[in-house]
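**Student:** Protein chains in written order, with my numbering: chain A, 606 to 951; chain B, 29 to 195.
What follows is a single structure, and I will ask about it in a moment.
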Amino acid sequence: MASCSPTTSERDQGGSCMTTTILTLHPDIVETHILTRLDGQTLAAAACTSSQLHSLCTQENLWREICSSTWPSASDPRVQTIISDDHRSFFSDSFPVLDCRQKPPSKHTRDVIITKELISSVDIYYQNKAIFSKVAETETVTGWFQFPPFRIDLLDLKDRLPTPIQFVGETDVLFKHLEENLTLSWIIVEPDRRRAVNLSSRWPVSVEEDWLTHELHVKYAVVMAGDQRWGLFSGRGLVECEVMVILGGQEVGGEMYVKEVTMQMKDMEGKNLCGKDSLVILKEVMENGKGKRGRKGEEKEGYEEFLQKKRERKDKKERIENVLNNVCLATGFLLFVAFLSIKFFF
Amino acid sequence: MAIMYALKSSDNEIFEVEQKVIEQSETIKKMIEDGAATGEIPLQVSSKTLAKVLEWCKQRQHKTVENENDDNKGKRKKERDEDDDIKEWENKFSDELKADKDVLFDLLLASNYLDLPALLSFLCQLVADMVAGKMPEEIRRMFNIENDFTPEEEKAITAEHGWAFQP
Numbered sequence: 606m607a608s609c610s611p612t613t614s615e616r617d618q619g620g621s622c623m624t625t626t627i628l629t630l631h632p633d634i635v636e637t638h639i640l641t642r643l644d645g646q647t648l649a650a651a652a653c654t655s656s657q658l659h660s661l662c663t664q665e666n667l668w669r670e671i672c673s674s675t676w677p678s679a680s681d682p683r684v685q686t687i688i689s690d691d692h693r694s695f696f697s698d699s700f701p702v703l704d705c706r707q708k709p710p711s712k713h714t715r716d717v718i719i720t721k722e723l724i725s726s727v728d729i730y731y732q733n734k735a736i737f738s739k740v741a742e743t744e745t746v747t748g749w750f751q752f753p754p755f756r757i758d759l760l761d762l763k764d765r766l767p768t769p770i771q772f773v774g775e776t777d778v779l780f781k782h783l784e785e786n787l788t789l790s791w792i793i794v795e796p797d798r799r800r801a802v803n804l805s806s807r808w809p810v811s812v813e814e815d816w817l818t819h820e821l822h823v824k825y826a827v828v829m830a831g832d833q834r835w836g837l838f839s840g841r842g843l844v845e846c847e848v849m850v851i852l853g854g855q856e857v858g859g860e861m862y863v864k865e866v867t868m869q870m871k872d873m874e875g876k877n878l879c880g881k882d883s884l885v886i887l888k889e890v891m892e893n894g895k896g897k898r899g900r901k902g903e904e905k906e907g908y909e910e911f912l913q914k915k916r917e918r919k920d921k922k923e924r925i926e927n928v929l930n931n932v933c934l935a936t937g938f939l940l941f942v943a944f945l946s947i948k949f950f951f
Numbered sequence: 029m030a031i032m033y034a035l036k037s038s039d040n041e042i043f044e045v046e047q048k049v050i051e052q053s054e055t056i057k058k059m060i061e062d063g064a065a066t067g068e069i070p071l072q073v074s075s076k077t078l079a080k081v082l083e084w085c086k087q088r089q090h091k092t093v094e095n096e097n098d099d100n101k102g103k104r105k106k107e108r109d110e111d112d113d114i115k116e117w118e119n120k121f122s123d124e125l126k127a128d129k130d131v132l133f134d135l136l137l138a139s140n141y142l143d144l145p146a147l148l149s150f151l152c153q154l155v156a157d158m159v160a161g162k163m164p165e166e167i168r169r170m171f172n173i174e175n176d177f178t179p180e181e182e183k184a185i186t187a188e189h190g191w192a193f194q195p
C-alpha cells in the first residue's frame with residue numbers, strides 16, 4: 606500500500622506518491638461517494654480485494670441501501686424484522702440466481718417441518734422499474750398447507766393490477782418485449798432460521814398465450830434437484846419452481862394488467878408437489894443451494910434443457926411401457942399356445 | 029473587465045483565472061469573501077492537476093454563461109446541441125483520466141479539497157463505472173491495491189462473496 610498521507614493538504618508537493626491506490630484517497634470520499642455508487646455485485650467483489658476495502662465494503666448502511674433499492678418489498682417491516690442488521694447476508698442469499706440442478710440428492714428428512722411460516726417478498730419490474738411489490742405470509746403447519754398442492758397466490762381473484770405495458774397486436778413483438786423487460790424477483794424468507802432464497806429466474810423462461818382466454822402467461826422458473834429415492838421411475842429427479850404471471854387486457858394501444866401471480870412446484874411429469882414435499886425441497890435449497898451471477902437468457906437456456914429432459918424422460922417411459930406391453934402380449938400368447946398344445950396332445 | 033485572480037500551484041506555477049471561473053470552488057470563494065485572497069492564492073495542488081481543474085471549471089462556466097444569454101427562441105434545439113457538445117467534451121475528459129489514473133486520483137483529491145461538488149461527483153461516478161462488474165483481481169490491478177489477506181482469510185472471504193464473480 607502506498608505510504609502517502611490521505612489528504613491533499615498533507616501530501617508532498619507534485620504528487621510524489623509512486624503508486625496511486627484507491628485508498629490514498631480520503632477514505633471518506635471512497636465511502637460516501639464511490640462505494641455508494643456501486644451495485645451489490647461490484648461491492649462484493651471489491652470487498653475481496655484487500656482488508657481495508659473489505660471493512661469499508663461490508664458496512665451495513667451500504668447494503669441496507671442496496672437491498673431497499675433492489676427490492677422495494679424488502680423494506681416491509683415483516684421482512685425488515687427478519688433481516689434486522691444483516692442486509693449483506695440477505696443480499697447474498699437473495700440476489701444470486703439459484704443453481705442447484707447438478708447437486709447430488711441428499712437424504713431428505715421428510716418428517717422435519719422446517720418452519721411455521723414462509724414469507725414471500727415479491728417484486729415485479731418493468732424496464733427495471735418496480736411496478737408491483739408485495740409481501741405475503743404462508744403458514745406451513747396445518748393440513749391446509751401440507752397436503753394440497755403447494756401454491757402461493759399473491760393477488761385476489763378480483764384484483765386487476767394496472768401496468769404501464771402497452772398491448773401490441775403482433776404477438777411475436779409483444780412476447781419478445783416482455784421477455785426482455787418484465788422481470789421478477791420472488792424471495793422466500795424462512796423467519797425462524799433467517800434464511801432467504803430467490804426462486805425466480807429473473808427473466809421469463811417462456812411467454813405463451815392461453816388459447817381460450819387469450820391471456821398471456823409469463824413464466825419464471827428455476828429447476829432444482831428433487832427427490833430421487835424412487836430411482837428411474839421417479840418423476841421427481843428434477844423439480845421446477847414455477848412462478849406464473851398472468852397478464853390480461855388485449856386492447857390494442859391499451860395498457861395491460863396483471864391478473865394473477867402464483868408460485869407452484871411441479872415434477873417432471875408436470876404434477877404438482879404438495880406443500881409438505883415442497884418444504885423439504887425448499888429446505889434443501891436454502892441450505893445447500895449455490896448462487897451464481899445471473900445473466901439474461903441463461904436461465905431460459907437452462908429451462909429449455911429441462912424441457913428437453915422432460916421430453917426424453919417421457920419418450921423413455923413410453924418405450925419401456927411398449928416393451929412391457931409386448932412382453933406381456935408374448936407371454937400371454939405363449940401361455941395360450943402351451944395351453945392349446947397340452948389340450949391337443951393329452 | 030473581469031476580476032482576475034492568480035492561483036499558485038504546489039510546484040509554484042501561476043495560473044491567472046477569472047473570478048467567475050474560480051468561484052465555483054467553495055473553498056476559494058470563501059477565501060475571496062473573507063478577503064484572504066490578496067495577491068497569489070497558494071494551493072496544495074500540483075500544476076498538472078490544477079490545469080485539469082481549471083479546464084473543468086471553464087467548461088462549466090462557459091455552459092452557464094451561454095444559458096444566461098439564450099433567449100427562448102430555438103432554445104430547445106440549442107440546448108440539445110449543447111448537451112451533445114458537453115457529453116462529447118465530458119467523454120473526452122473522462123477518457124483522458126481513465127488513461128492516466130494518477131491524474132484521476134489527484135483530481136479527485138483536489139476536487140474534494142477545493143470543494144467542487146459537481147466535479148467530485150462526476151469523478152466518483154467515473155471511478156464507479158470503471159469498477160462496475162469487475163473481478164477482485166481486475167480491481168486490484170486497476171487501482172494498485174495490494175492483496176493483504178492471508179490465504180485462509182482470502183478463502184473465507186471468497187467463499188462468502190464468491191457468488192458475485194465466480195461463473
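Glycine residues also receive a C-beta, built at the ideal position from the N, C-alpha and C atoms.
The structure presented is a predicted model; accordingly, all values stated were derived computationally and were not measured.
1) Could you tell me the boundaries of the alpha helix (DSSP H) in which A:S567 lies?
2) Hey, does B:I167 have any beta-carbon neighbour from chain A nearer than 8 Å?
3) Between which two residues does the alpha helix (DSSP H) holding B:M170 run?
4) How should A:F911 be labelled, buried or exposed, when 16 other C-beta atoms within 10 angstroms of its C-beta is the threshold for buried?
5) Please go through the segment 822-902 of chain A and give each complete alpha helix (DSSP H) segment of 4 or more residues, from N-terminal end onward.
6) Taking only three categories from DSSP, how would you classify A:P677?
7) Roughly how far, in whole angstroms, is the beta-carbon of A:V866 from the beta-carbon of A:L759, given that I think they are within contact range, below 8 Å?
8) Between the segment 134-154 of chain B and chain A, which residues of the former have CB atoms less than 8 Å from a CB of the latter, in chain order?
9) Does the beta-carbon distance from B:S75 to B:D134 come in below 8 Å?
10) Look at the Cβ atom of B:T55, then the Cβ atom of B:D111, and state whether they are nearer than 8 Å.
11) Taking contact to mean at least 3 C-beta pairs separated by less than 8 Å, is the segment 635-655 of chain A in contact with the segment 158-173 of chain B?
12) Which chain B residues are close to A:I639, counting only those with a beta carbon under 7 Å from its beta carbon?
13) Tell me, please, whether the CB atom of B:D62 is closer than 8 Å to any CB atom in chain A?
14) What do you get for A:F752, buried or exposed, if any count of 16 or more other CB atoms within 10 angstroms of its CB means buried?
15) I need the DSSP call for A:P809, collapsed to helix, strand or coil.
16) If you drop the 5 nearest sequence neighbours on each side, which residues of the same chain put their C-beta closer than 6 Å to that of A:E742?
17) How many angstroms separate the CA atom of B:M32 from the CA atom of B:K183?
18) Per DSSP, what are the beta-bridge partners of A:V727 in this structure?
19) Could you check what DSSP says for A:D633 in three-state terms: helix, strand or coil?
20) In chain A, what lies closer than 8 Å to B:D109 by C-beta?
21) Pull up the distance between the alpha-carbon of A:G840 and that of A:E874, whole angstroms please.
22) Taking all protein chains shown into account, decide if A:H638 is buried (16 or more other Cβ within 10 angstroms of its Cβ) or exposed.
23) Looking at the structure shown, is A:D758 part of a helix, part of a strand, or coil, going by DSSP?
24) Pull up the CB-CB distance for A:K897 and B:W191, whole angstroms please, since I reckon it's below 8 Å.
25) Compare the C-alpha of A:E813 against each of A:G748, A:H822, A:S806 and name the closest.
26) Within its chain, find whatever has a CB closer than 6 Å to the CB of A:L648; leave out the 5 residues flanking it on each side and keep chain order.
27) At a CB distance below 9 Å, what residues from the segment 159-189 of chain B approach chain A? Give them in sequence order.
**Tutor:** Judging by the given coordinates:
1) An answer regarding residue 567 of chain A cannot be provided, because it is not within the stretch 606 to 951 covered by chain A.
2) Interface with chain A (8 Å Cβ-Cβ cutoff): B:I167 is included.
3) It spans 164-171 - the alpha helix (DSSP H) in which B:M170 sits, taken as one unbroken run.
4) Here A:F911 is buried, its C-beta having at least 16 other C-beta atoms within 10 Å.
5) For the segment 822-902 of chain A, the full-length alpha helix (DSSP H) segments reaching 4 residues or more read 880-893 along the chain.
6) helix
7) 4 Å
8) D134, L136, L137, A138, N140, Y141, L148, S149, C152, Q153
9) no
10) no
11) yes
12) C152, V155, A156
13) Not an interface residue.
14) exposed
15) coil
16) E722, I724
17) 58 Å
18) A:K739, A:W791
19) helix
20) Result: empty, since nearest Cβ-Cβ is about 28 Å, beyond 8 Å.
21) Going by the C-alpha atoms only, they are around 6 Å apart.
22) buried
23) Looking at A:D758 - three-state DSSP - the assignment turns out to be strand.
24) 7 Å
25) A:H822
26) C662
27) V159, A160, G161, K162, M163, P164, E165, E166, I167, R168, M170, F171, N172, I173, E174, N175, D176, F177, E181, E182, I185, T186, E188, H189
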